[in-house]
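Novice: Got a structure for you, questions after.
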Amino acid sequence: MKKVFQEAIFFVAEKGKKIGINREKLKASFFPLYRLFCRVEYKIFNQVYLYHVEIPVTQRCTLKCKDCSFMMPYFEHPKDYEVDKLLTYMDRLFECVDTIQIFRILGGEPFVYKELDKIISKALACNKVKTVDVVTNGTLVPSDKVLDTLRNSRLTVQISDYGDISYKKNELQKACMERGIKCVIRSMADKNWFSAGDLHFRGKVAADIKTQLKRCAGICRSFQNGKLYFCPRASFGTLLGIPNPPKDYVDFTCASDKNELRKQIYELNQRKGFLACNYCDEGTDEYRTIPPAEQIQDRNQVEKWRENIGKQ
Ligand code: SF4
Ligand code: SF4
């Protein structure tokens with residue numbers, strides 16, 4: 001029964017990616033069931049289940065997408081995360097969960113990260129992780145050392161195809177095929193680009209946020225440099241300057257009691273709202289499809305966006 005439910009979550013969530021705006025409705029109707037599943041797993045079987053966890057390894061990117069959902073172009077001094085720390089945090093996370101359906105390694109652009117092979121190997125070495133994705137924008141072909149690590153039946157390279165600017169996508173796909181690496185090109189026709197707006201303060205009350213989170217229905221957690229956030233928006237938004245209350249993430253940067261961390265992961269999954277939701281349009285009528293990967297041409301655009309962080 002448990003396996004059937006897990007497969008159903010996987011099927012619906014993956015299918016949802018391919019059908020554009022309806023994905024949002026689909027996610028929203030499925031979200032309560034997902035939470036119920038996590039509750040039953042934890043309360044009755046003492047199992048901590050996470051459907052999807054993303055680990056950013058760097059804030060650097062080769063592109064400057066205006067509506068990047070990670071807001072990468074708005075980081076003033078983008079940095080790589082220290083590999084030894086990331087590996088330690090991954091160990092702690094893996095120790096505390098029972099299943100992660102999808103563990104997604106990304107950036108910025110993960111292929112700019114020199115130690116990527118170590119992160120990939122660590123993820124693949126954990127048998128609680130069912131599948132591993134590496135997400136790239138198709139502008140780079142990694143070294144042989146990294147390509148060799150990508151060859152694993154549980155791993156898929158996901159190439160986001162942004163048209164001409166993903167100018168190495170074919171070369172990368174060929175390199176993957178030659179080595180028997182699973183590789184998927186996700187085209188712009190997927191219509192899966194949305195804008196959650198800038199980081200100004202929306203002034204919403206708790207009841208609005210509860211409704212918003214139900215519609216947002218996020219099942220993708222962001223493991224940002226040792227801190228597990230409910231969503232990438234909260235994870236990157238807090239780095240860019242919105243408030244970051246400790247109750248809104250699970251902290252793996254210090255060695256804490258395993259059972260306490262497991263409880264906190266479970267509780268994070270069940271939360272009805274976060275401070276970050278007040279700096280986000282996802283789950284509201286403002287959240288609409290937009291053209292994918294529109295590039296920032298003008299430095300002033302970045303300055304203007306940054307000036308709005310936290311403003312009422
Ligand atoms: S390719 Fe674009 S969307 Fe992806 S991380 Fe870089 S800036 Fe963001
Ligand atoms: S900040 Fe809130 S509304 Fe926005 S994506 Fe995260 S959980 Fe959803």
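So that you can map any letter, position 264 of the sequence shown is 264 in UniProt numbering, and since no number is skipped, the others follow by simple counting. Don't be surprised by glycine CBs; every beta carbon is placed ideally from N, CA and C.
1) From the DSSP output, which residues share a beta bridge with Lys182?
2) Looking at C-beta atoms only, is the number of pairs between the segment 268 to 287 and the segment 240 to 256 that lie closer than 8 Å three or more?
3) What residues does ligand 1 have around it, judged by CB closer than 5 Å to any heavy atom, in chain order?
4) Mind checking whether Ala206 and Tyr287 have CB atoms under 8 Å apart?
5) Ordered along the chain, which non-local residues of its own chain (more than five positions away) have a Cβ less than 6 Å from that of Thr62?
6) On the criterion of 16 or more Cβ atoms from any shown chain inside 10 Å, does His52 qualify as buried, or is it exposed?
7) Are residue 320 and Val57 closer than 8 Å when you measure CB to CB?
8) For Thr156 and Gly283, I'd like the C-alpha separation in whole angstroms.
9) State the beta-bridge partners of residue 325 as determined by DSSP.
10) Between which two residues does the alpha helix (DSSP H) carrying Leu93 extend?
11) Is there at least one non-hydrogen atom of ligand 2 closer than 7 Å to the beta-carbon of Gln270?
12) How many angstroms separate the CA atom of Ile119 from the CA atom of Thr238?
13) For ligand 4, any of its heavy atoms closer than 7 Å to the Cβ of Glu267?
14) Can you look up Gln270 in the DSSP assignment and give me helix, strand or coil?
15) At a threshold of 7 Å, does Arg233 count as lining ligand 2 (C-beta to nearest heavy atom)?
16) Verify the contact flag: Ala196, CB atom, against every heavy atom of ligand 2, threshold strictly below 7 Å.
17) When every heavy atom of ligand 2 is checked, does at least one fall within less than 7 Å of the C-beta of Glu282?
18) Return the chain-ordered list of same chain residues with a C-beta closer than 7 Å to the C-beta of Ile296, the five sequence neighbours on each side being excluded.
19) Hey, how far is the Cα of Ala28 from the Cα of Ala217?
20) Spatial neighbours of Phe252 within its chain, please: C-beta separation below 6 Å, excluding the five flanking residues on both sides.
Specialist: Let me spell this out:
1) Answer is Thr156.
2) Three or more Cβ pairs drawn from the segment 268 to 287 and the segment 240 to 256 lie within less than 8 Å of each other, which places the two stretches in contact.
3) Near ligand 1, residues with a Cβ at less than 5 Å from any of the ligand's heavy atoms are Cys61, Leu63, Cys65, Cys68, Met72 and Asn137; the list follows chain order.
4) No, these two residues do not count as a Cβ contact at 8 Å.
5) Taking Thr62 as the centre and dropping the five residues before and after it, the same chain places the C-beta of Glu109 and Thr139 closer than 6 Å to its C-beta, in chain order.
6) Here His52 is buried, its C-beta having at least 16 other C-beta atoms within 10 Å.
7) Outside the shown range of the chain, which is 1 to 312, sits residue 320, and nothing can be said about it.
8) Using only the alpha carbons, I get a separation of about 29 Å.
9) The structure shown does not extend to residue 325, since the chain spans only 1 to 312, so no value can be given for it.
10) Boundaries of the alpha helix (DSSP H) harbouring Leu93: Val83 to Cys96, taken from the DSSP string.
11) Incorrect: Gln270 has no Cβ contact closer than 7 Å to ligand 2.
12) Rounded to the nearest whole angstrom, the C-alpha separation of Ile119 and Thr238 is 24 Å.
13) With respect to small molecules bound, the structure shown includes ligand 1 and ligand 2 and not ligand 4.
14) DSSP, read as helix, strand or coil, puts Gln270 in helix.
15) For ligand 2, at least one heavy atom lies less than 7 Å from the Cβ of Arg233.
16) For ligand 2, at least one heavy atom lies less than 7 Å from the Cβ of Ala196.
17) Checking every heavy atom of ligand 2 against the Cβ of Glu282, one is found closer than 7 Å.
18) Answer for Ile296: Lys64, Lys66, Pro73 and Val302, listed in chain order.
19) Cα to Cα, the separation comes out at about 5 Å.
20) Here the set comprises Tyr89, Arg92, Leu93 and Gly226.
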